[in-house]
Amino acid sequence: MSGTIATVLAADGINVAKNVGFGIIAFAMIFAALCVVATKNVVHAALWLVVVLGGVAAQYILAAAEFVAISQVLVYIGAVTVLFLFGIMLTRARIGTDIGLFNSGWALGIPVAALLLGVVGWAVLDYTGDDVIANQAPTPTVLLSDAYLGPYLVPFLALSFVLLAAAIGAIVIARKD
Amino acid sequence: MLALAVEIPYWGQSLLRVVGGIAAVLLPAGTIVYLFLFKMMSFMQSRLGPMEAGPYGSMQLIAEVGKWLQKEDIAPEKADVHIFRMAPIIVLVSTFLLVAVVPFGPQAYFTNFEVGIFYALAVGSISVIGILIAGWASANKYSLLGGLRAAGQLIAYELPMVLAVVGVVIQAGTMNMQGIVVAQNTGEIFGWGGLGFPFIITQFVGFMIFMIAVQAELTQAPFDMPIAESELVSGYMTEYSGFRFLMFFIGEFATAGVFAFIASVLFLGGWGVPFAWFGWETLADVPGWMNVAGPVIMLTKMLLLTFLIMWVRFSYPRFREDQLQTFAWKFLIPLALANIVVTAIIKVAV
Chain A
11 MSGTIATVLA
21 ADGINVAKNV
31 GFGIIAFAMI
41 FAALCVVATK
51 NVVHAALWLV
61 VVLGGVAAQY
71 ILAAAEFVAI
81 SQVLVYIGAV
91 TVLFLFGIML
101 TRARIGTDIG
111 LFNSGWALGI
121 PVAALLLGVV
131 GWAVLDYTGD
141 DVIANQAPTP
151 TVLLSDAYLG
161 PYLVPFLALS
171 FVLLAAAIGA
181 IVIARKD
Chain B
3 MLALAVEIPY
13 WGQSLLRVVG
23 GIAAVLLPAG
33 TIVYLFLFKM
43 MSFMQSRLGP
53 MEAGPYGSMQ
63 LIAEVGKWLQ
73 KEDIAPEKAD
83 VHIFRMAPII
93 VLVSTFLLVA
103 VVPFGPQAYF
113 TNFEVGIFYA
123 LAVGSISVIG
133 ILIAGWASAN
143 KYSLLGGLRA
153 AGQLIAYELP
163 MVLAVVGVVI
173 QAGTMNMQGI
183 VVAQNTGEIF
193 GWGGLGFPFI
203 ITQFVGFMIF
213 MIAVQAELTQ
223 APFDMPIAES
233 ELVSGYMTEY
243 SGFRFLMFFI
253 GEFATAGVFA
263 FIASVLFLGG
273 WGVPFAWFGW
283 ETLADVPGWM
293 NVAGPVIMLT
303 KMLLLTFLIM
313 WVRFSYPRFR
323 EDQLQTFAWK
333 FLIPLALANI
343 VVTAIIKVAV
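Residue numbers (the working numbering), protein chains in the order written: chain A, 11 to 187; chain B, 3 to 352.
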């Protein structure tokens with residue numbers, strides 16, 4: 011088994027440093043993700059989530075997707091987590107151990123998570139097969155914008171419309187006082 | 003043309019970038035505190051300011067830093083100690099992350115990121131997390147209120163800031179900071195290149211929105227509701243002392259300096275001089291001595307902009323919380339959106 015890994019790593023177009031980096035970041039992300047569900051304090055859970063989301067951004071950078079990585083930081087760390095923390099602190103945020111954080115059906119989550127891992131893993135392995143994903147330079151942002159303002163314009167507009175509808179809905183609900 | 007013909011090896015460049023990054027954060031912070039916070043504020047209030055330590059009190063900073071460093075590192079008894087200790091580090095780290103994309107010369111940059119300005123806006127929002135958890139972990143009502151006010155304010159003013167930058171990005175046609183500098187210095191005003199084409203001329207509305215948003219992001223008066231001494235006893239910073247308070251303090255003024263750097267890149271032409279002066283055509287023609295002159299130019303522009311920030315800070319009374327939110331959501335954001343629409347129409351039409 012270890013022999014095959016060594017031959018794969020020695021093949022052309024494999025960036026060993028990138029793979030090692032991927033492994034380290036992935037390990038940190040899994041550890042942080044376990045802490046999110048295992049910690050006994052809601053604020054700590056939100057902060058561990060920051061580590062997980064930051065890890066995702068780092069993986070995007072390794073995959074040479076700079077624009078997506080920075081969007082990840084801006085949207086998830088800068089906005090979503092801050093909203094989480096904001097909401098938690100306005101409602102229930104005591105320091106120390108919180109009680110009643112685990113609901114009675116927590117064990118059900120384990121088979122669901124395992125199933126999801128299996129399906130996603132199978133899909134990825136089935137798609138790539140024995141192919142080696144080549145090293146590539148970061149995609150220029152101009153190409154990205156050309157793609158979603160050209161061939162993908164209609165889905166882009168449809169998504170914008172859904173978001174606009176959600177925003178207007180939020181305003182309508184909030185004004186009902 | 004005088005060329006700086008030194009070949010610096012890769013490790014040397016990396017070392018220079020690390021040292022330069024630390025200098026680019028700490029030097030502006032010290033300069034701003036001494037020049038503006040100590041001396042200019044004193045002048046405006048008809049007093050002398052610090053005069054004892056060194057000539058004209060110039061060694062006062064060293065005395066202050068020494069004082070903070072030797073104080074005991076205290077955490078309140080009921081605080082969440084780990085989070086409490088982590089918070090100022092997050093705030094300071096976000097400042098260091100911010101300076102990483104600012105170019106100071108043709109080769110004197112820390113990293114030449116394709117989507118530089120987008121990155122700066124993204125990591126600038128990380129400090130909000132540090133401020134929020136500092137307020138929460140202190141186990142103090144005033145701190146929690148200050149943290150929540152700060153978060154509400156920073157979220158509200160991040161939006162006009164991002165939208166103000168969009169106008170510049172449309173005009174320059176790139177999000178790369180180096181590209182924005184080159185676009186301004188190779189530009190011409192009606193065929194005359196003697197001044198380049200600093201974007202403050204066409205993006206003056208964007209510049210004003212950006213500077214107001216910076217003022218709010220830094221929680222400087224008149225936007226100092228989150229740290230209002232008279233009602234919240236310094237808000238999220240109440241419980242901090244010693245070097246952790248020092249970190250918040252350095253973070254505040256270093257971020258002022260870094261945002262001024264970013265504003266001078268976006269609106270004032272950055273490190274460059276108009277390329278027409280020396281007959282340069284592209285970035286590749288710019289000789290090596292600009293790597294030395296560039297940081298000096300940037301520092302001058304930074305001081306000019308932080309002078310404006312501090313002038314406003316010392317002059318205006320505090321906004322009320324509702325005025326503050328109304329100003330951002332009902333005035334600045336619509337104005338910034340209108341600015342984007344007009345810029346886009348002109349860009350396509352011309």
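Don't be surprised by glycine CBs; every beta carbon is placed ideally from N, CA and C.
Since we're looking at a predicted model, the values are computed, not measured.
{"Asked": "DSSP beta-bridge partners for residue 194 of chain B?", "Found": "B:191"}
{"Asked": "Which chain A residues sit within Cβ distance under 8 Å of residue 134 of chain B?", "Found": "92, 95, 96, 99"}
{"Asked": "CB residue 77 of chain B to CB residue 83 of chain B, shorter than 7 Å?", "Found": "yes"}
{"Asked": "Any beta carbon of chain A sitting closer than 7 Å to that of residue 262 of chain B?", "Found": "no"}
{"Asked": "Below 7 Å CB to CB, which residues in the same chain sit around residue 158 of chain B once its five sequence neighbours on both sides are set aside?", "Found": "327, 330, 331"}
{"Asked": "Which residues mark the beginning and the end of the alpha helix (DSSP H) in which residue 58 of chain A is found?", "Found": "52 to 72"}
{"Asked": "Rounded to the nearest angstrom, what separates residue 346 of chain B and residue 84 of chain A at their Cα positions?", "Found": "24 Å"}
{"Asked": "Under 7 Å Cβ-Cβ, which residues of chain A neighbour residue 153 of chain B?", "Found": "92, 96"}
{"Asked": "Are any of the Cβ atoms in chain A nearer than 7 Å to that of residue 331 of chain B?", "Found": "no"}
{"Asked": "So which residues of chain B does residue 84 of chain A contact, with C-beta pairs closer than 8 Å?", "Found": "120, 123, 124, 127"}
{"Asked": "Under 8 Å between beta-carbons, which chain A residues line up against residue 177 of chain B? List them in chain order, please.", "Found": "151"}
{"Asked": "Return the residues of the region 103 to 116 of chain B that lie within a Cβ-Cβ distance of less than 8 Å from chain A, sorted by chain order.", "Found": "115, 116"}
{"Asked": "Return the chain-ordered list of same chain residues with a C-beta closer than 7 Å to the C-beta of residue 227 of chain B, the five sequence neighbours on each side being excluded.", "Found": "151, 155, 320, 321, 323, 326"}
{"Asked": "From this set, B:190, B:208, B:187, which residue's C-alpha is nearest residue 168 of chain B's C-alpha?", "Found": "B:208"}
{"Asked": "Determine, using beta carbons only, whether residue 130 of chain B comes closer than 7 Å to chain A.", "Found": "yes"}
{"Asked": "Just the chain B side, please: which residues come within less than 7 Å of residue 77 of chain A by C-beta, in chain order?", "Found": "117"}
{"Asked": "In or out: residue 111 of chain B buried (at least 16 other Cβ within 10 Å) or exposed?", "Found": "buried"}
{"Asked": "Of all Cβ atoms in chain A, is any one closer than 7 Å to the Cβ of residue 353 of chain B?", "Found": "There is simply no residue 353 of chain B to check, as chain B begins at 3 and stops at 352 in what is shown."}
{"Asked": "Going by C-alpha distance, which of B:343, B:106, B:247 is nearest residue 23 of chain B?", "Found": "B:106"}
{"Asked": "Count the other CB atoms within 10 Å of the CB of residue 41 of chain A; is the residue buried (16 or more) or exposed (fewer)?", "Found": "exposed"}
{"Asked": "Could you round the C-beta distance between residue 250 of chain B and residue 67 of chain B to whole angstroms and report it? I think they count as a contact, below 8 Å.", "Found": "So it is not a contact: roughly 14 Å between Cβ atoms."}
{"Asked": "Apart from the five residues on each side of it in sequence, which residues of its chain come closer than 7 Å, Cβ to Cβ, to residue 45 of chain A?", "Found": "58"}
{"Asked": "Nearest by alpha-carbon distance to residue 108 of chain B: which of B:291, B:101, B:174 is it?", "Found": "B:291"}
{"Asked": "Under 8 Å Cβ to Cβ from residue 38 of chain B, same chain only, skipping five residues before and after it: list those, please.", "Found": "308, 309, 312"}
{"Asked": "Excluding the 5 residues preceding and the 5 following residue 229 of chain B in the sequence, name in chain order all residues of the same chain whose CB lies nearer than 8 Å to its CB.", "Found": "148, 152, 221, 236, 237, 238, 239"}
{"Asked": "Pull out every residue of the region 56 to 69 of chain A whose Cβ sits closer than 8 Å to any Cβ of chain B, in chain order.", "Found": "57, 60"}
{"Asked": "Starting from the Cα of residue 175 of chain B, find the closest Cα among A:150, A:55, A:67, A:133 and give me that residue.", "Found": "A:150"}
{"Asked": "So, helix, strand or coil for residue 318 of chain B, using DSSP?", "Found": "coil"}
{"Asked": "Apart from the five residues just before and just after residue 297 of chain B, which ones in its own chain have a Cβ nearer than 6 Å to its Cβ?", "Found": "106"}
{"Asked": "Might you give, ordered along the chain, the residues of its own chain that have their beta carbon closer than 8 Å to the beta carbon of residue 91 of chain B, omitting 5 neighbours on each side?", "Found": "132, 249"}
{"Asked": "Between residue 356 of chain B and residue 350 of chain B, what straight-line distance do the alpha-carbon atoms span, to the nearest angstrom?", "Found": "Chain B is shown from 3 up to 352; residue 356 of chain B falls before or after that span and cannot be answered."}
{"Asked": "In terms of residues, what are the limits of the alpha helix (DSSP H) holding residue 325 of chain B?", "Found": "323 to 328"}
{"Asked": "On a CA-only basis, which of B:301, B:300, B:274, B:201 is nearest residue 288 of chain B? Give me that one, please.", "Found": "B:274"}
{"Asked": "Quick check: the Cα distance between residue 121 of chain B and residue 17 of chain B, rounded to an integer number of angstroms?", "Found": "23 Å"}
{"Asked": "Does DSSP classify residue 95 of chain B as helix, strand or coil?", "Found": "helix"}
{"Asked": "Write down the C-beta distance between residue 63 of chain B and residue 32 of chain B rounded to the nearest angstrom, noting that I regard them as a contact closer than 8 Å.", "Found": "6 Å"}
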